[in-house]
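J.: Residue numbers (our numbering): 3 to 379.
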Amino acid sequence: MMLSDFIRHAPDNSFSRRHSIWQRMHIDIYLFLALLILALAGLVVLYSASGADWGAVYRQGLRFLIGFAAMFIVAQMDPRIFQQWSGIVYVFGVVLLIAVLVLGIGAKGAQRWLAIPGLFRFQPSEIMKISVPVIMAWYISRYSLPPKFKHIIGAAVLLVIPCVLILEQPDLGTSLLIAASGIFVIFLAGLSWKFIASAVVLGVGSLPAAWIFVLREYQKQRVLTFLNPESDPLGAGWNIIQSKTAIGSGGLYGKGYLLGTQSQLDFLPESHTDFIIAVLSEEFGFVGATVLLSLYVVIFIRGMLISVRARDNFCRLLAGSLTLTFFIYVFVNIGMVSGLLPVVGVPLPLVSYGGTSIVTLLTSFGILMSISTHQRV
Numbered sequence: 003m004m005l006s007d008f009i010r011h012a013p014d015n016s017f018s019r020r021h022s023i024w025q026r027m028h029i030d031i032y033l034f035l036a037l038l039i040l041a042l043a044g045l046v047v048l049y050s051a052s053g054a055d056w057g058a059v060y061r062q063g064l065r066f067l068i069g070f071a072a073m074f075i076v077a078q079m080d081p082r083i084f085q086q087w088s089g090i091v092y093v094f095g096v097v098l099l100i101a102v103l104v105l106g107i108g109a110k111g112a113q114r115w116l117a118i119p120g121l122f123r124f125q126p127s128e129i130m131k132i133s134v135p136v137i138m139a140w141y142i143s144r145y146s147l148p149p150k151f152k153h154i155i156g157a158a159v160l161l162v163i164p165c166v167l168i169l170e171q172p173d174l175g176t177s178l179l180i181a182a183s184g185i186f187v188i189f190l191a192g193l194s195w196k197f198i199a200s201a202v203v204l205g206v207g208s209l210p211a212a213w214i215f216v217l218r219e220y221q222k223q224r225v226l227t228f229l230n231p232e233s234d235p236l237g238a239g240w241n242i243i244q245s246k247t248a249i250g251s252g253g254l255y256g257k258g259y260l261l262g263t264q265s266q267l268d269f270l271p272e273s274h275t276d277f278i279i280a281v282l283s284e285e286f287g288f289v290g291a292t293v294l295l296s297l298y299v300v301i302f303i304r305g306m307l308i309s310v311r312a313r314d315n316f317c318r319l320l321a322g323s324l325t326l327t328f329f330i331y332v333f334v335n336i337g338m339v340s341g342l343l344p345v346v347g348v349p350l351p352l353v354s355y356g357g358t359s360i361v362t363l364l365t366s367f368g369i370l371m372s373i374s375t376h377q378r379v
């Protein structure tokens, strides 16, 4: 019996679930507990990675409160609301991305933020992390699956516009992640393997052109450093060399909480943001890193189950894309910190110090909970 057949013929326990307090609150309790434990673990690691800075922990905790509140609010909405507003939010996000190129605030050679005078600043690209998979799931689900070639082209246009605008900021990491979220929607819609193979060949063939015409000098340097970090151990290769040293020196059980030499003695740059898992690995060892990864696996499995059990094609495509994109976040961050991928500035979800990204990520989990708890009537 196929998995889909098993799910289709499984006993319907929706009646009893609807009468649980969590179901009435539209909270998927398994997903919520895993996210809460991960957030608390992130605060513990952040305290060490930030040099015992309670201010950083307080600010991160406040962002978690805002993020969980956003998650709860979004979870109350019926998934049909996401369909109805997908186009408006997408166009609004594209307008904000254009505004960034004209009016944006620059920092460290990049122009990625818009400021609300006297209040706060934010990254419009974060909006597109949710808007792109929603608009593409809406577009693809309007037609019969698997999608026809002309529908794939239409979806690709919706995907390319924000990716190009974000690439101009420049923000290669976010652009690639948003591209991945859209590609996952198309993939889950049921592409033939011939089409997938053709796309892979085309992508590999376009790499030389991308190297010459798309990548900027600092991005090329990151790739070259990835291939040979020892070529500039005190410059471009410093981060990855120190990161691998921290991970390896943790051993099986680690050096102990607040006792990591690479982070506490400031050998490890960006220890509280992109390279925070190196801090955890040094202080808690292989065992601590495995526990953290296990939490991510639980979240991933739960998200995919929500996708499989979703009530319609739109919900299935959207839940699957959001879950797979979350997995890509984790995979890319751990890959770059351990030297398996080039450094692209992707934070570790719910553990790295961050602002808008935390709220955006928890909002996306609110969408997953909405899909999970709003069953077919």
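Every residue gets a Cβ at the ideal spot worked out from N, C-alpha and C, and that includes glycine.
When we look at the beta-carbon of G252 and count the other beta-carbons within 10 Å, is it buried (16 or more) or exposed?
T.: Here residue 252 is taken as the residue at index 250 of the sequence shown, counted from 1. Classified as buried, G252 has 16 or more neighbouring CB atoms from the shown chains inside 10 Å of its CB.
J.: Is the beta carbon of S359 closer than 8 Å to that of E128?
T.: Looking up residue 128 in the sequence shown gives position 126. Looking up residue 359 in the sequence shown gives position 357. Yes; because the gap between Cβ atoms is below 8 Å, this pair is in contact.
J.: Roughly how many angstroms lie between the CA atoms of L364 and A41, to the nearest whole one?
T.: Start at 1 with the first residue of the sequence shown, and residue 364 comes out as number 362. Start at 1 with the first residue of the sequence shown, and residue 41 comes out as number 39. Rounded to whole angstroms, L364 to A41 spans 10 Å at the Cα level.
J.: Where do the N-terminal and C-terminal ends of the beta strand (DSSP E) with F122 fall, by residue?
T.: Position 120 of the sequence shown, counting from 1, holds the residue named residue 122. It spans 122-124 - the beta strand (DSSP E) in which F122 sits, taken as one unbroken run.
J.: Rounded to the nearest angstrom, what separates P215 and I168 at their Cα positions?
T.: Locating residue 215 in the sequence shown gives position 213, counting from the first residue. Locating residue 168 in the sequence shown gives position 166, counting from the first residue. Correcting the residue identity first, residue 215 is Phe in this sequence and not Pro. Taking the straight line joining both Cα atoms gives about 16 Å.
J.: Is the beta carbon of V281 sitting closer than 8 Å to the one on S50?
T.: Sequence index remark: in the sequence shown, residue 281 carries index 279 (1-based). Sequence index remark: in the sequence shown, residue 50 carries index 48 (1-based). Yes, Cβ-Cβ distance for V281 and S50 is below 8 Å.
J.: Is the beta carbon of V332 closer than 8 Å to that of L319?
T.: Position 317 of the sequence shown holds residue 319. Position 330 of the sequence shown holds residue 332. Cβ distance not < 8 Å, so L319 and V332 don't count as in contact.
J.: Output the distance between the C-alpha atoms of V334 and S146, rounded to the nearest integer angstrom.
T.: Indexing the sequence shown from 1 puts residue 334 at position 332. Indexing the sequence shown from 1 puts residue 146 at position 144. Those two C-alpha atoms are separated by around 33 Å.
J.: Under the assumption that V134 contacts G184 (Cβ atoms under 8 Å), give the Cβ distance between them as a whole number of angstroms.
T.: Start at 1 with the first residue of the sequence shown, and residue 134 comes out as number 132. Start at 1 with the first residue of the sequence shown, and residue 184 comes out as number 182. The Cβ separation is near 5 Å, so the contact holds.
J.: If you draw a straight line from the alpha carbon of V353 to that of Q25, how long is it in whole angstroms?
T.: Here residue 353 is taken as the residue at index 351 of the sequence shown, counted from 1. Here residue 25 is taken as the residue at index 23 of the sequence shown, counted from 1. Rounded to the nearest angstrom, the two C-alpha atoms are 28 Å apart.
J.: Could you tell me the distance, in whole angstroms, from the CA atom of L98 to the CA atom of L261?
T.: The residue given as residue 98 occupies position 96 in the sequence shown. The residue given as residue 261 occupies position 259 in the sequence shown. Their Cα atoms are separated by approximately 44 Å.
J.: Assuming I336 is part of the alpha helix (DSSP H), what are its boundary residues?
T.: Against the sequence shown, residue 336 aligns to sequence position 334. According to the DSSP assignment, I336 belongs to the alpha helix (DSSP H) that extends over 315-339.
J.: Give the straight-line distance between the Cα atoms of F367 and D276, rounded to the nearest whole angstrom.
T.: As a first step, residue 367 must be located in the sequence shown, where it is residue number 365. As a first step, residue 276 must be located in the sequence shown, where it is residue number 274. Distance between the alpha carbons of F367 and D276 is about 21 Å.
J.: Tell me the rounded alpha-carbon separation between M371 and W240.
T.: In the sequence shown, the residue the question calls residue 371 occupies position 369. In the sequence shown, the residue the question calls residue 240 occupies position 238. Near 41 Å, if we compare the C-alpha coordinates of W240 and M371.
J.: To which residues does DSSP link I118 through a beta bridge?
T.: Taking the sequence shown and counting its residues from 1, the one referred to as residue 118 is at position 116. I118 is bridged to F122.
J.: Tell me the rounded alpha-carbon separation between A158 and P344.
T.: Here residue 158 is taken as the residue at index 156 of the sequence shown, counted from 1. Here residue 344 is taken as the residue at index 342 of the sequence shown, counted from 1. Near 26 Å, if we compare the C-alpha coordinates of P344 and A158.
J.: Out of curiosity, what's the CA-to-CA distance linking E232 and A212?
T.: Counted from its first residue, the sequence shown places residue 232 at position 230. Counted from its first residue, the sequence shown places residue 212 at position 210. Roughly 25 Å between the two C-alpha positions.
J.: Taking only the alpha-carbon atoms, compute the straight-line gap between Q125 and L116 and give it to the nearest angstrom.
T.: The sequence position of residue 125 within the sequence shown is 123, counting from 1. The sequence position of residue 116 within the sequence shown is 114, counting from 1. Their Cα atoms are separated by approximately 6 Å.
J.: Within 10 Å of its beta-carbon, does L209 have 16 or more other beta-carbons around it, so buried, or fewer, so exposed?
T.: Position 207 of the sequence shown, counting from 1, holds the residue named residue 209. Exposed, because fewer than 16 other Cβ atoms sit within 10 Å of the Cβ of L209.
J.: Which residue's Cα is closest to the Cα of Q171: R114, S265, Y298, F66?
T.: Locating residue 171 in the sequence shown gives position 169, where the first residue counts as 1. Comparing Cα positions, the closest option is R114.
J.: In whole angstroms, what separates the C-alpha of E272 from that of S340?
T.: Stepping through the sequence shown from its first residue, residue 272 is reached at position 270. Stepping through the sequence shown from its first residue, residue 340 is reached at position 338. Each residue's alpha carbon lies about 14 Å from the other.
J.: Are the beta-carbon atoms of D173 and A101 separated by less than 8 Å?
T.: Stepping through the sequence shown from its first residue, residue 173 is reached at position 171. Stepping through the sequence shown from its first residue, residue 101 is reached at position 99. No, Cβ-Cβ distance for D173 and A101 is not below 8 Å.
J.: Between which two residues does the alpha helix (DSSP H) carrying N230 extend?
T.: Looking up residue 230 in the sequence shown gives position 228. Per DSSP, N230 belongs to no alpha helix (DSSP H) and is neither H nor E.
J.: Assign Q171 to one of three DSSP states: helix, strand, or coil.
T.: The sequence position of residue 171 within the sequence shown is 169, counting from 1. In the structure shown, Q171 sits in coil (DSSP, three-state: anything other than H, G, I, E or B).
J.: Three or more C-beta pairs closer than 8 Å, one from the stretch 139-153 and one from the stretch 175-195: is that the case here?
T.: yes
J.: Look up I107 in the DSSP assignment and say whether it is helix, strand or coil.
T.: Position 105 of the sequence shown, counting from 1, holds the residue named residue 107. Residue state, collapsed to three classes: strand.
J.: Below 8 Å on the Cβ atoms is my contact criterion, and I expect Q85 with W140 to pass it. Report the Cβ-Cβ distance as a whole number of Å.
T.: By one-based count along the sequence shown, residue 85 stands at place 83. By one-based count along the sequence shown, residue 140 stands at place 138. 5 Å between Cβ atoms; contact.
J.: Closer than 7 Å by C-beta to I380: which residues in its own chain qualify, once you throw out the five before and the five after it? Chain order, please.
T.: As shown, the chain starts at 3 and ends at 379. That puts residue 380 outside it, with no answer to give.
J.: Helix or strand or just coil, what does DSSP make of L363?
T.: The residue given as residue 363 occupies position 361 in the sequence shown. In the displayed model, L363 falls within a helix according to three-state DSSP.
J.: Could you give the distance in angstroms between the alpha-carbon of K196 and the alpha-carbon of V203?
T.: Counting from 1 along the sequence shown, the entry for residue 196 is found at position 194. Counting from 1 along the sequence shown, the entry for residue 203 is found at position 201. Distance between K196 and V203, taken at the CA atoms: about 11 Å.
J.: For S2, tell me which candidate among L37, I23, K257, D30 has the shortest Cα-Cα distance.
T.: Given a span of 3 to 379 for the chain in the structure shown, any question on residue 2 remains unanswerable.
J.: To which residues does DSSP link Q86 through a beta bridge?
T.: Locating residue 86 in the sequence shown gives position 84, where the first residue counts as 1. The partner list for Q86 (beta bridge, DSSP) is empty, contrary to what the question assumes.
J.: Whole angstroms is fine: what's the gap from K131's alpha carbon to F329's?
T.: Translated into positions along the sequence shown, residue 131 becomes position 129. Translated into positions along the sequence shown, residue 329 becomes position 327. Distance between the alpha carbons of K131 and F329 is about 14 Å.
J.: R61 to R144, Cα distance in whole Å?
T.: Translated into the one-based positions of the sequence shown, residue 61 becomes position 59. Translated into the one-based positions of the sequence shown, residue 144 becomes position 142. Taking the straight line joining both Cα atoms gives about 42 Å.
J.: Do A54 and Y355 count as a contact pair if the criterion is CB distance below 8 Å?
T.: As a position in the sequence shown, residue 355 is number 353, starting the count at 1. As a position in the sequence shown, residue 54 is number 52, starting the count at 1. No, the pair does not count as a contact, with Cβ atoms beyond the cut-off.
J.: Quick one: give me the first and last residue of the alpha helix (DSSP H) that A248 is part of.
T.: The residue labelled residue 248 in the question sits at position 246 within the sequence shown. Looking at the DSSP string, the run of the alpha helix (DSSP H) that includes A248 is 240-251.
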